[in-house]
Amino acid sequence: MSTAYPGGPDPRDNNHPENFGEGTYGQGTYGTPDAANQTPNYGYNGYGSDQPGGNSGYSGYDAFDVNAAAAGHGATQFHGTTLVDGTYGDGVQPHPVNNPDANGWHHVKGTGKMNPLEAWGFGFKQTFANWQTWIVIGLIAALVPALVSLVLPLLGSFLQIVLLFLYPFAYSFALLQTLSRRWKFDGMKAPAYGPTLGMMVLLGAVAFVILLVLVLISALFFAGSIAKVVDTLDPVQIENDPEALLPILGPVLGMLGLTFLAMLLIAPLFMFQTWYAADNATTFGNAFSEGFKAGTRNYGRILVFSLISGALLVGAGLVTALVAVATSMAPDLQTALIPFAFSVVTTIITPASILAMAYAYRQVSGGPVPTEPQAAL
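Going letter by letter, the sequence shown gives residues 105 to 481 in my numbering.
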């Protein structure tokens, strides 16, 4: 015996605005076929899905009217869901989450190519626009560890390890900032905390192995030079005059320089893996491969991005040098102010770099890239 429907919004209709939160987002049906009409919702057939209708396993989100379903809520409600589909835009095509009134930005679909200058511009602009959040993050990441290390060096080292477990939140916050101009800190939220931390650990292990291999290769190049210098050293002379070791510094510095250069050239291939994981764009394994593809596709642009980062750090070093000169007559004050001055500058550079990388990730992944509404007209 069937019961007559009493009227009002159909509880089976997962896309009805009045049913928002009752059986849709976050309740197990978001990203699955609509229960009433079997039409795919946003994120269904995502990365790694074996369901039909996707593009090589990517999401077919064009069938989902994000603005209607959001019912005025902004794009941040989709944070942690699949916002990429394996295709790229032309720099003008709106992304499905586009809603300037709700988000404060016009979101275009990423072209698959990053723009280093745009990324850094976004990073610094949003650092100051939302300084209540990002300057605090900069203080936690740069200034606090430096101050603690001055007072208690061992505790400072321990604090660096603790910060590793907080980095996934910084990735999450940066992605949220790209979704809404009006986003403000509203709690420690990282939907993909585990995959993000896991990817960071994996990349750290990969970097260690690569570094070890490069050191061994570099040592082979300079082994002859080092051996010749060592043969000429007199142990007694070294004991009486440590400067006798100076001739060996040339080959050693050459070995380290070659290793550093090789690491710098390899690094672009591993820039985006953690962002794919933090965005929950795909499975853990695919996040690694997609990040690698994005790195090869944007290799030269990432090098430019890294050069800008290096120039900013050199600028921070110059500020620190000026402080050192100004306090040269007071050694005790100089010892305290030099790391403090460097940390103050990096308090701004650190959050700006995180936001810049988040913006670059949106571009390379074909995700929602924030642009000024008037610029998109």
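Beta carbons: idealized from backbone N, C-alpha and C, even for Gly.
Rounded straight-line distance, which links the Cα of Ala430 to that of Leu459: The C-alpha of Ala430 is placed about 33 Å away from the C-alpha of Leu459.
Taking only the alpha-carbon atoms, compute the straight-line gap between Asp335 and Ile352 and give it to the nearest angstrom. Here the alpha carbons of Ile352 and Asp335 stand approximately 11 Å from one another.
Closest to Lys229 by CA distance: which of Pro272, Leu247, Ala245, Arg285 is it? Measuring from the Cα of Lys229, the nearest candidate turns out to be Arg285.
Three or more C-beta pairs under 8 Å: does that hold for the region 208 to 223 against the region 468 to 478? Segments in contact, yes.
According to DSSP, which residues form a beta bridge with Lys397? In DSSP, Lys397 forms no bridge with anything.
In the DSSP assignment, what are the bridge partners of Pro472? For Pro472, which the question treats as bridged, DSSP gives the partners Lys213.
Euclidean distance between Cα positions of Ala245 and Phe273: C-alpha separation (whole angstroms): 12 Å.
Closest Cα partner of Pro220 within the set Gly471, Tyr463, Gly193, Ser469: Nearest option by C-alpha distance: Tyr463.
Using the C-alpha atoms, what's the distance from Leu422 back to Gln181? Cα-Cα distance, rounded: 42 Å.
Might you give, ordered along the chain, the residues of its own chain that have their beta carbon closer than 7 Å to the beta carbon of Ile442, omitting 5 neighbours on each side? Within the same chain, Cβ atoms closer than 7 Å to the Cβ of Ile442 are found at Thr424, Val427, Ala428, the five residues on either side in sequence being excluded.
Taking three-plus beta-carbon pairs below 8 Å as touching, is the region 386 to 394 in contact with the region 405 to 417? Result no; under three Cβ-Cβ pairs closer than 8 Å.
Would you report the Cα separation of Gln467 and Met433, rounded to the nearest angstrom? Between Gln467 and Met433, the C-alpha separation is close to 50 Å.
Would you check if there are 3 or more beta carbon pairs closer than 8 Å linking the region 280 to 295 to the region 223 to 241? Yes, they touch.
Which of helix, strand or coil DSSP assigns to Pro200: Three-state DSSP puts Pro200 in coil, outside helix and strand.
Quick check: the Cα distance between Thr400 and Asp205, rounded to an integer number of angstroms? The alpha-carbon atoms of Thr400 and Asp205 are separated by roughly 36 Å.
When DSSP labels each residue in this structure, what does Ala139 get in the three-state scheme? Unreliable positioning characterises Ala139 in this predicted model, as indicated by a pLDDT of 39, which lies under 50. The coordinate reading is nonetheless provided below. In the structure shown, Ala139 sits in coil (DSSP, three-state: anything other than H, G, I, E or B).
With DSSP run on the structure shown, which of helix, strand or coil describes Arg405? Three-state DSSP puts Arg405 in a helix.
Secondary structure, alpha helix (DSSP H): runs of 4+ residues fully inside the region 323 to 383: 339 to 344, 350 to 370, 377 to 382, all fully within the region 323 to 383.
Give the C-beta separation of Met303 and Ala381 to the nearest angstrom, bearing in mind that I take them to be a contact with Cβ-Cβ under 8 Å. A Cβ-Cβ separation of about 4 Å places Met303 in contact with Ala381 under the 8 Å criterion.
Buried or exposed, going by whether 16 or more other CB atoms sit within 10 Å of the CB of Asp189? Around the beta-carbon of Asp189, 16 or more other beta-carbon atoms lie within 10 Å, marking it buried.
On the three-state DSSP scale, how would you describe Phe262? Per DSSP, reduced to three states, the secondary structure at Phe262 is helical.
Pull up the distance between the alpha-carbon of Phe168 and that of His199, whole angstroms please. At Phe168, the pLDDT of 40 sits below 50, so the modelled position is not reliable; the number obtained from the coordinates is stated separately. Each residue's CA atom was taken as its position, placing Phe168 and His199 some 12 Å apart.
Output the distance between the C-alpha atoms of Val448 and Leu270, rounded to the nearest integer angstrom. Leu270 has its alpha-carbon roughly 20 Å from the corresponding atom of Val448.
Quick one: what's got a C-beta closer than 8 Å to Ile314's C-beta in the same chain, skipping five residues either side? Answer for Ile314: Met367, Ile370, listed in chain order.
Does DSSP classify Gly508 as helix, strand or coil? Because the chain spans 105 through 481 in this model, residue 508 falls outside it and cannot be assessed.
Short Cβ contact (9 Å threshold) for Thr451 with Gly227: Contact flag unset, no.
Excluding the 5 residues flanking Leu307 on each side, which residues of the same chain have their C-beta closer than 8 Å to its C-beta? Phe374, Gln377, Thr378.
Measure from the C-beta of Ala323 to each C-beta in chain D and report whether the shortest distance is under 9 Å. In the structure shown, chain D cannot be found, because there is only a single protein chain.
Can you find the residues in the same chain that come closer than 7 Å, C-beta to C-beta, to Ser457, ignoring five residues on each side of it along the sequence? Excluding positions up to five away in sequence, the list reads Gly227, Ser413.
Rounded distance between the beta-carbons of Leu259 and Val248, thought under 8 Å: The pair is not a contact, with the Cβ atoms about 11 Å apart (cut-off 8 Å).
When burial is assigned at 16 or more other CB atoms within 10 Å of the CB, is Pro355 buried or exposed? By the 16-neighbour rule on beta-carbons within 10 angstroms, Pro355 is buried.
Buried or exposed for Ile453, going by 16 or more other Cβ atoms inside 10 Å? When all chains shown are included, Ile453 counts as buried.
Nearest to Ala331 by CA position, among Tyr275, Leu349, Ser393, Val418, is which residue? Considering only alpha carbons, the answer is Leu349.
For the alpha helix (DSSP H) containing Phe228, list its first residue and its last residue. 220 to 233 is the span of the alpha helix (DSSP H), which, as asked, contains Phe228.
What's the C-alpha gap between Ala278 and Leu324? Answer to the nearest angstrom: the Cα atoms are 42 Å apart.
Alpha helix (DSSP H) segment containing Thr282, residue limits: Unbroken alpha helix (DSSP H) run through Thr282: 271 to 283.
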